[in-house]
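In what follows, a single structure is set out as C-alpha cells and then discussed.
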Amino acid sequence: MTTLPTSTEKKLGLVIDLDTCVGCHACVISCKGWNTENYGAPLSDQDPYGANPTGTFLNRVHSYEIQPKDAPAQLIHFPKSCLHCEDAPCVTVCPTGASYKRVEDGIVLVNESDCIGCGLCAWACPYGAREMDAEEKVMKKCTLCVDRIYNENLPEEDREPACVRTCPSNARHFGDFADPDSNVSVLSRERGGMDLMPEMGTKPVNKYLPPRPKDRDRSEDVDILAPFLEPVATETTGFLGWLDKALESMPGGKN
Amino acid sequence: MHPAPSVILFSTLSGLGFGLLAFLGFGMPSPTGWVAFVFFTLGYLLAVGGLIASTFHLGHPERALKAFKQWRSSWLSREGICAVAALLIMGIYAIGAIFLGQIWSAVGFVGAVLSIGTVFTTSMIYTQIKTVPRWHNVTTPIMFLSICIAGGALLAAQVSLAMPLLAIAGIAQIAHWVLGDKALKNSGTTLATATGLGARGDVRAFEPPHTGTNYLLKEFVYVIGRKHAAKLRILAIVLMVGLPLVLLMMSHSHILAGLAVISHLVGVFAARWLFFAEAEHVVGLYYGKR
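Residue numbers (full-length UniProt numbering), protein chains in the order written: chain A, 1 to 255; chain B, 1 to 290.
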C-alpha cells in the first residue's frame with residue numbers, strides 16, 4: 001500500500017550535527033559498503049576506474065560556505081540521506097506499492113521485486129535521497145540499516161546504522177523520535193534541531209543540528225594600545241625617502 | 001528535468017490519440033464501416049503507440065502490470081487504469097461502428113470521457129510533483145487538456161471547432177510558460193531553506209559530494225539547450241498553433257489539413273521537450289545549480 005500510515009509506533013531516524021561534522025565522508029563509505037554487501041541489490045558503480053566514474057550512493061556529503069554579514073566565512077559539511085519523512089511524497093506517488101512506510105518504526109523502504117524503475121519517487125523527493133541504480137534498474141534509498149538495527153547476530157553496539165557506527169566525530173545519532181526522552185529527541189530539543197525545506201510539507205523525521213556560533217571576529221575590535229602603534233609618518237623622508245625615489249626612477253621602478 | 005524521448009513521445013502521441021478518440025466517442029464525426037476503421041486505427045495507433053513508448057523508460061517494464069495496484073494514492077496508477085478502460089470501452093464502440101454500422105452513443109460518451117480523463121491523469125502526474133514548481137500549478141493540466149482537445153479536433157476534421165480550440169491551446173501553453181518562469185522563485189525554496197542555514201548568512205555551494213556526476217544531476221539538473229529555449233518556444237507555438245490555423249483558413253483540402261496535423265504534432269513535440277528541459281527540480285539547489 002502506498003498510502004501513508006496515519007501514525008507509526010516508533011519514529012526511527014537520525015540527528016545530524018552540522019557543528020561537529022568534519023566532512024571526512026566516512027559515513028558515505030561505510031554506507032556504500034554495508035548496503036552493497038547486505039540487504040537488496042548492491043550499489044553499483046559505472047566506469048569506477050575510468051575517466052568518468054559514477055555510482056549509486058544512499059548518503060552524500062555536501063559542503064557549503066556561509067558568509068555572515070559581519071563575521072568571517074564558515075564552512076559547513078552537510079551529510080544528506082533519506083529523512084524518512086512522516087508525509088513522504090515518494091511513497092504516495094508509487095504506482096506499484098513498492099515504496100512504503102513501515103507502521104512499526106516509520107522507516108521508508110523499497111520492495112525491490114515490485115519496483116518497475118519508473119523513477120517517479122525520485123522526482124517527488126525534494127532532497128535527492130533516492131537514486132536509481134544504473135545496473136539493477138531499481139530505486140535505491142537509505143534503509144536506516146534495517147538489516148543492522150534489529151540484527152541479533154551482531155554485537156549490541158553494532159545494532160545501529162552503519163553511518164552512525166562509523167562516524168569518528170559523533171556527528172550522527174540514531175534513535176526513536178516518538179520517545180520524548182530518547183537521545184535524539186533530547187538532542188534535537190536542546191540544540192534546535194531543524195527540518196530541511198520545511199515549506200515542502202514533508203515533515204522529515206531526521207533533524208539537523210545547526211552549527212554553534214563561532215568565536216566572534218576580533219579584527220574590528222578597538223585595542224587600547226593601537227593609538228601608540230599607529231604609523232607616525234605618512235610620507236617617507238630621509239634615507240628611506242631617497243631610496244624610494246631612487247628605486248622608482250630606475251627602469252621598471254614605477255608601477 | 002531530463003527530457004527522456006520515450007516520455008515526450010508518449011505524452012505527445014497519446015495526447016493526440018486520446019483527443020481523436022474523444023471526438024469519435026462524442027460522435028464528431030460518427031463514421032461507420034471503412035471510414036470508421038481508418039479513424040479508429042489512427043486513434044489507437046497514436047494512443048497505444050504512445051503508451052508502449054512510455055514503458056521504454058521503465059527500469060523493469062516486465063513488471064508494468066503491478067502499476068495498476070495503487071490507484072488510491074498514485075496518479076501514475078490511475079493513468080494506467082484510465083488508459084486501459086478508455087481503450088476497452090472505445091474498442092466496443094469501434095466494433096459497433098466498424099462492423100455493425102451501429103453508433104452506440106452512450107458507450108461512445110463514456111469512452112470519450114475516459115479518453116480525456118486519461119490525459120488529465122497524465123497531466124496530474126506532473127502537476128502533483130511539488131519539487132518542480134514549474135509543473136506544480138493549474139496551468140499544467142489546462143495546457144495538457146487544451147492541447148489534447150485541440151489536436152483531437154484537428155485530427156477528427158472538425159475544422160470550425162479546431163480553430164478556436166487551437167487558439168485556446170496556444171494561450172494555455174503561453175500561460176504555462178509565463179507563470180512557470182516565476183514558479184521556482186515564488187515557491188520560496190532556496191539553498192537557504194534547503195540547508196536550513198539561511199539565517200546565518202549567504203549560503204553558497206562550496207564543494208559537491210563527488211567530483212563526478214550522478215543520477216540526480218543527470219535526471220534533475222538538465223541544462224543543455226536551455227540557451228535556445230526562447231527560440232524553441234517561438235518555433236513550438238508557430239508550428240503547434242500558428243501554421244495549422246493559417247493552413248485551416250486557406251482551404252478545406254485534405255492535403256492542407258494533413259500538413260496542419262504534421263505541423264501541430266512537431267510543435268507539440270518541441271513544447272513537450274521544453275516542458276521537461278526547462279523544468280527545475282529543487283534538488284538542484286543542493287548542488288548550487290539554480
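Beta carbons are placed, not taken as given, at the ideal position from N, Cα and C, and that holds for glycine.
Check the C-beta distance from residue i over to residue j and give it rounded, since I have them as a contact under 8 Å.
{"i": "B:V7", "j": "B:H57", "result": "6 Å"}
{"i": "A:P95", "j": "A:T202", "result": "Rounded, the Cβ-Cβ distance is 20 Å, inconsistent with contact."}
{"i": "B:Y215", "j": "A:E136", "result": "The pair is not a contact, with the Cβ atoms about 12 Å apart (cut-off 8 Å)."}
{"i": "A:W123", "j": "B:T131", "result": "7 Å"}
{"i": "B:T12", "j": "B:L265", "result": "7 Å"}
{"i": "B:L232", "j": "B:L274", "result": "6 Å"}
{"i": "A:L14", "j": "A:N206", "result": "5 Å"}
Would you verify that the beta carbon of residue i is, or is not, closer than 8 Å to some beta carbon of chain A?
{"i": "B:F10", "result": "no"}
{"i": "B:L184", "result": "no"}
{"i": "B:H60", "result": "yes"}
{"i": "B:V283", "result": "yes"}
{"i": "B:A64", "result": "yes"}
{"i": "B:Y286", "result": "yes"}
{"i": "B:E219", "result": "yes"}
{"i": "B:G188", "result": "yes"}
For residue i, would you say it is in contact with chain B, using Cβ-to-Cβ distances shorter than 8 Å as the test?
{"i": "A:E86", "result": "no"}
{"i": "A:P32", "result": "The displayed chain sequence assigns Lys, not Pro, to residue 32 of chain A. By this cut-off, A:K32 is not an interface position."}
{"i": "A:V138", "result": "yes"}
{"i": "A:F174", "result": "no"}
{"i": "A:G97", "result": "yes"}
{"i": "A:K245", "result": "no"}
{"i": "A:L75", "result": "yes"}
{"i": "A:C167", "result": "no"}
{"i": "A:E131", "result": "yes"}
{"i": "A:F228", "result": "no"}
{"i": "A:P89", "result": "yes"}
{"i": "A:C145", "result": "no"}
{"i": "A:T236", "result": "no"}
{"i": "A:C27", "result": "no"}
Out of the options, point me to the one whose CA is closest to residue i's CA.
{"i": "A:P211", "options": "A:A51, A:Q46 and A:E65", "result": "A:E65"}
{"i": "B:G180", "options": "B:I234, B:A279 and B:G59", "result": "B:A279"}
{"i": "A:N111", "options": "A:W123, A:L154, A:A41 and A:A129", "result": "A:A41"}
{"i": "A:Q74", "options": "B:T140, B:L24, B:R204 and B:G170", "result": "B:R204"}
{"i": "B:I168", "options": "B:A150, B:A156 and B:H176", "result": "B:A150"}
{"i": "B:A47", "options": "B:A230, B:I116, B:S263 and B:G198", "result": "B:I116"}
{"i": "A:N59", "options": "A:P251, A:W34, A:C27 and A:D87", "result": "A:C27"}
{"i": "A:H62", "options": "B:P29, B:L114 and B:P208", "result": "B:P208"}
{"i": "A:H77", "options": "B:F206, B:L100, B:L24 and B:M28", "result": "B:F206"}
{"i": "A:V93", "options": "A:L243, A:K214, A:C115 and A:Y150", "result": "A:C115"}
{"i": "B:G212", "options": "A:L18, A:D17, A:Y39 and A:Y49", "result": "A:Y49"}
{"i": "A:K32", "options": "A:C142, A:P72 and A:P68", "result": "A:C142"}
{"i": "A:A129", "options": "A:R191, A:S185, A:L196 and A:V22", "result": "A:L196"}
{"i": "B:C82", "options": "B:H136, B:I95, B:F68 and B:A94", "result": "B:F68"}
{"i": "B:T118", "options": "B:A22, B:S263, B:A4 and B:H254", "result": "B:A22"}
{"i": "residue 365 of chain B", "options": "B:R290, B:A162 and B:P31", "result": "No information on residue 365 of chain B is available, as it lies outside the stretch 1 to 290 that chain B covers here."}
{"i": "A:E86", "options": "A:L12, A:P213, A:K245 and A:E190", "result": "A:L12"}
What separation, rounded to the nearest whole angstrom, lies between the Cα atoms of residue i and residue j?
{"i": "B:Y126", "j": "B:R134", "result": "10 Å"}
{"i": "A:I224", "j": "A:D70", "result": "22 Å"}
{"i": "B:V110", "j": "B:V282", "result": "39 Å"}
{"i": "B:A86", "j": "A:T8", "result": "38 Å"}
{"i": "A:F177", "j": "B:L76", "result": "32 Å"}
{"i": "A:K140", "j": "B:T140", "result": "29 Å"}
{"i": "B:A153", "j": "B:S187", "result": "36 Å"}
{"i": "B:H210", "j": "B:L248", "result": "54 Å"}
{"i": "A:K10", "j": "B:M143", "result": "43 Å"}
{"i": "A:P198", "j": "A:P79", "result": "18 Å"}
{"i": "B:V159", "j": "B:L239", "result": "17 Å"}
{"i": "B:H2", "j": "B:G284", "result": "12 Å"}
{"i": "B:I92", "j": "B:E62", "result": "27 Å"}
{"i": "B:V113", "j": "B:F26", "result": "9 Å"}
{"i": "B:T55", "j": "B:R78", "result": "15 Å"}
{"i": "A:P89", "j": "A:G106", "result": "14 Å"}
{"i": "residue 263 of chain A", "j": "A:N38", "result": "Because chain A here runs from 1 to 255, residue 263 of chain A falls outside it and cannot be looked at."}
{"i": "A:P53", "j": "B:V221", "result": "18 Å"}
{"i": "A:D158", "j": "B:T195", "result": "30 Å"}
{"i": "A:F239", "j": "A:A226", "result": "27 Å"}
Cβ of residue i less than 8 Å from any chain C Cβ?
{"i": "A:D133", "result": "The structure shown contains no chain C; its protein chains are A and B."}
* At a Cβ cut of 9 Å, what residues of the region 109-128 of chain A count as close to chain B, listed as they run along the chain? -> S113, D114, C115, I116, G117, C118, G119, L120, A122, W123, A124, C125, P126, Y127 and G128
* **Cβ-based contacts, 8 Å cut-off: residues of the region 193-216 of chain B near chain A** => T193, A194, T195, G196, L197, R200, G201, D202, V203, R204, A205, F206, E207, P208, P209, H210, G212, T213, N214, Y215 and L216
* Asked: Using a beta-carbon distance cut-off of less than 8 Å, what residues from the region 45-69 of chain A approach chain B?
  -> Considering only beta carbons, the part of the region 45-69 of chain A lying closer than 8 Å to chain B consists of N52, P53, T54, G55, T56, F57, R60, V61, H62, S63, Y64, E65, I66, Q67, P68 and K69, in chain order.
* Pull out every residue of the region 67-94 of chain B whose Cβ sits closer than 9 Å to any Cβ of chain A, in chain order. => Cβ contacts with chain A: A67, F68, K69, Q70, W71, R72, S73, S74, W75, L76, S77, R78, E79 and G80.
* To do: Output, in sequence order along the chain, the residues in the UniProt region "Disordered" (194-219) of chain A whose CB is closer than 8 Å to any CB in chain B.
  => M194, D195, L196, M197, P198, E199, M200, G201, Y208, P210 and P211
* Against chain A: residues of the region 164-175 of chain B by CB proximity under 9 Å -> Correct list: empty, as no residue qualifies.
* **Residues within the region 129-152 of chain B neighbouring chain A, beta-carbon criterion of under 8 Å** => I129, K130, T131 and V132
* When Cβ atoms are compared, which residues of the region 4-21 of chain A fall closer than 9 Å to chain B? -> Near chain B, meaning a CB-to-CB distance below 9 Å, the residues of the region 4-21 of chain A are L4 and L18.
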